[in-house]
Structure formats: structure tokens, C-alpha cells
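Rendered as C-alpha cells:
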């Protein structure tokens, strides 16, 4: 790197690494230390363990059998096949396998192996991911592909990293080929490392990092992945703020193409904030964005759009304020304030979702987003024993939103489409776990009211829905240790319910 003169030039140093040293073995950890390390993480009231603690307390249980089995699960995992989390926890930084792709010849060889299938990967990505999370700007990204194949070595490194990530996500969506998917991801990491994305991020680098967040959530299958996403999103957010994406300045170029590019960049900023809110609420980590980061003077109506992602930006300040109040260590919101926030979020939710037509994946993604916010907003009051009488709004909203999430989970599985729509459920795995535990808490007491008008189904239908979702979860227990532990946890909780016998019979 040269720091002299009017500009800096950045050069990536390709390390020469012997094959024997390319993939160093990780230091083995004792199961108890792994469990202790996970529990030592700071978690706010938005984390699902808050629900589990309340559930055990109301059931009169100090613990569940699954807690004693976890060390054995970890030992069995170490003795058996490797965990199919496939993407390293530290990805996209310093993954040991990235050394293999330090040479561009190796990257080009990898791309040539996938050239015959690359279009199916692109199509798979566009159908499954782009429809719900429009991270790439297709109008500028796709036309470059033909030029790339004509002269692969002339490709921009940031674009190539983005291209490799699109291929990786598309490959996994179409084939579920874990080996090919991880190779493409790691090659993307190696290409990104050749760019100055830490000090001079550009839009391509930020889009690539967002694709990596998406890959960690859908391809990986561990709860630790979401914790690592929080760390990665810290870098993504700062890169976006460094480029002033958060200021929503009106486009300098008011041509049709200029406005389209501006809307695409605004949608990208919205997706970054969405990821920050999603990961913070699911992991119980601090929110990486704040209400004062958003401009109080949005662009003139001339540049307004009906893109739901861009429209969502005006809602984020309220969402950030609510999450900060919920996670405050000193001053939790009182019930009247919770109800007031609820009415506001519902109004925003109805307006935004009502503008989405013919885009079922996008509708589901944003519906889950709002349900997640409402659940954590009402949790502290909804979990109390007196909730059915004293905190009725929180009680019913908690049950309704949990059931809505479970219905989305069941629908994703039952659709069973060739485009692997059910893969999207992995984005919401911790939401689904939290929703199932919340429903179990509502079912724990026979006398608890479970129907109001036509909005909430009766008890046995709720139990059947819950069991169907546990069965769906069971189908994925072979993917990772976390899925297996999650299933045992859910089964243990189900056994606490007073009328679960009719399902078993």
C-alpha cells in the first residue's frame, strides 16, 4: 500500500501457502466450555431465552432434559460427520480456505467448472432471493455478465466478488450442493479482500457484504451464525454510512436512469437496516442503527416511490425508538406506552403491506418483520400470569403474531415448490423458535383464554399447528447440531403442556 501523493494505491498480497497448511485444524473445545461461552453472551429481552425462562418458571421446572443432553450432542458431533454449517463462522474474514483462492487462476478455474450451469444459478437466485431481498441492482449487474465471460481477467474485483456470491446463493437454491456453495462463497471472500472495502467502500462492495449476510443466514445452520452476522453488519452499516446512504439525499441526476439508480441505493440502505433490526431482535444484541441516523427531511415527492423497501425507511425511526425502549436497562415502557406503540406499528404495518401486490415472498418477509417487532414489544407484559386480565392487548397480540409466524412456516414447507421456497424459512428460524415457545406458554394453562371472535382458532387447532411445525423442524435435524438441539428443546416443552396427549394418540 502506498500512502504518498494525492491518491493511495492498494495492492493485495497473495500469500504462498503450502497445501498442507491451507486448512488448519481448529482447536478442539470442551463441550462445557462451548455451552458456557454461548450463555455468557449478553442478551436483551428480545431474545427467545426470555420466553423459555418464563415458560420453565410457570411450569414449575428448574430446567429441561435437553440441557443435560447438549454436551453429549456436541461430543457425538465431534466424533461423527462435520457440521453442515458449511460457511465458516468468521466468513467473510480470514476463512482458512480463502488462501486457496489467492491466485486468480484458481478463481477462474472454479468459474469455468460452473459455466455450463451458471445461468440456472442466476435464475435460482433471482427467483428465490431477489424477489424478497433486492440486494443487487439487476439493471447494472446482469449486463456485465456477458462481457465478463468474453474477458474474465478484466473483471472488477468488487463485481467479481458479488458475482461469485450470486452464484453461490443460486447454486444452493437450485442444487443444495454444499461443497460447491462453500467454494463459491470462499472465492468471493478472496476477491473482496483484493479491494479496499474497509477504507474506500463502494456500492458493489456493500452489496457483496449484504449478499454474504444473506448467505450466512440461509446457507449456515447454526445459532452462532446470527451472532456473527451482528458483528459483520457493524462493518456493513459503517460502510453504508460512510457513503452517506442514510442521508437520503435527492438524486443529482434527475434522468430516468438516475432516479432508478437512486431508488436502488435507497432500497439497499433499507435492507441493511432491516438486517440490523432482524439480527438485533433475534440475538438480543444491541441495535446497530438509531433513530437519529435517518433524515427528518425526506426527498421531495418528485422522487417518492411505491417500492416497499424504500417506503420502509420512513418507518425505521419509530422501530428503532421502540427497540431502544424495550432493551433499556433502566426504564422499561409501561403498558400504556406499549399499547400506544402497538397502535402506531399496526397502522404502519397495514399501510405498507397493503401496498404489496403479487409479491408473496416480499409480503411474507415484511409481515414477519412487523410480527417480530410486535412480539418483542408486547413480550414483557404478555408473559405475565395476569396478562389475560390486566394486559389483554399484549396477551392477544402475542398469541396472534406467534400463530401468524407459524402459519408462514407451515406454508413455506407445504408449498414445496421446485424453486426451494422453503429455504427462506432459515432466515426466520429463530423467529419460528420464539413463536413456538410463546404459543406453548399460552397453552401451558388450561384456563387461559385462546379464542376471541374469529381471529384466534380454538385450542386443538393451535395444538395441531404447533405439532405440524415441530414435525417440519424435525426434518432438518440432520443439517446441524443447532437444529437437533432446537428440536429436542421443542419436544421437551411440548411435554409440559397439559393436553398434549390427544396429539400423541
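Numbering (the numbering used here), first residue to last: 7 to 511. Ideal placement from N, C-alpha and C gives every residue a C-beta, glycine not left out. Since we're looking at a predicted model, the values are computed, not measured.
Excluding the five sequence neighbours on either side, which residues of its own chain have a C-beta within less than 7 Å of the C-beta of residue i, listed in chain order?
i, result
"residue 365", "137"
"residue 380", "348, 351, 403 and 407"
"residue 207", "245, 248 and 249"
"residue 433", "223 and 224"
"residue 553", "Any question about residue 553 goes unanswered here, given that the chain covers just 7 to 511."
"residue 54", "436, 439, 440 and 443"
"residue 455", "394"
"residue 124", "173"
"residue 492", "439 and 479"
Excluding sequence positions up to five away, which residues of its chain have a Cβ less than 8 Å from the Cβ of residue i?
i, result
"residue 236", "285, 286, 289, 291 and 294"
"residue 321", "354 and 358"
"residue 114", "158 and 159"
"residue 183", "177"
For residue i versus residue j, is the C-beta spacing smaller than 8 Å?
i, j, result
"residue 374", "residue 437", "yes"
"residue 2", "residue 204", "Residue numbering for the chain in the displayed model covers 7 to 511; residue 2 lies beyond these limits and cannot be assessed."
"residue 410", "residue 377", "yes"
"residue 275", "residue 319", "yes"
"residue 487", "residue 448", "no"
"residue 297", "residue 323", "yes"
"residue 233", "residue 269", "no"
"residue 142", "residue 180", "no"
"residue 196", "residue 267", "no"
"residue 134", "residue 427", "yes"
"residue 214", "residue 174", "no"
"residue 503", "residue 446", "yes"
"residue 412", "residue 472", "yes"
"residue 400", "residue 344", "yes"
"residue 243", "residue 277", "no"
"residue 194", "residue 450", "no"
"residue 341", "residue 397", "yes"
"residue 372", "residue 328", "no"
"residue 464", "residue 315", "no"
"residue 512", "residue 361", "As shown, the chain starts at 7 and ends at 511. That puts residue 512 outside it, with no answer to give."
Can you tell me whether residue i is buried or exposed, with buried defined as 16 or more other CB within 10 angstroms of its CB?
i, result
"residue 1", "Nothing about residue 1 can be read from this structure; the chain reaches only from 7 to 511."
"residue 130", "buried"
"residue 467", "exposed"
"residue 479", "buried"
"residue 118", "exposed"
"residue 63", "exposed"
"residue 283", "buried"
"residue 67", "exposed"
"residue 490", "buried"
"residue 254", "buried"
"residue 469", "buried"
"residue 385", "buried"
"residue 387", "buried"
"residue 176", "buried"
"residue 391", "exposed"
"residue 47", "exposed"
"residue 273", "buried"
"residue 363", "exposed"
"residue 148", "exposed"
"residue 122", "exposed"
"residue 185", "exposed"
"residue 326", "buried"
"residue 501", "exposed"
"residue 261", "exposed"
"residue 346", "exposed"
"residue 108", "buried"
Counting along the chain, where does the alpha helix (DSSP H) carrying residue i start and finish?
i, result
"residue 184", "184–198"
"residue 123", "Where residue 123 is concerned, there is no enclosing alpha helix (DSSP H), given that its DSSP letter is neither H nor E."
"residue 156", "149–156"
"residue 168", "163–181"
"residue 56", "55–65"
"residue 384", "366–388"
"residue 322", "322–332"
"residue 102", "Unbroken run through residue 102: none, as it is neither H nor E."
"residue 514", "The question about residue 514 has no answer here: the residues shown for the chain are numbered 7 through 511."
"residue 317", "314–318"
"residue 440", "435–449"
Give me, in chain order, the residues of the same chain whose beta-carbon lies closer than 6 Å to that of residue i; leave out the 5 immediate sequence neighbours on both sides.
i, result
"residue 145", "none"
"residue 210", "164, 165 and 168"
"residue 229", "488"
"residue 474", "416"
"residue 499", "446"
"residue 301", "253 and 254"
| Per the contact definition of three or more C-beta pairs closer than 8 Å, is the segment 176–193 in contact with the segment 148–164? | no
| field | At least 3 beta-carbon pairs within less than 8 Å: the segment 96–104 vs the segment 215–233 | value | yes
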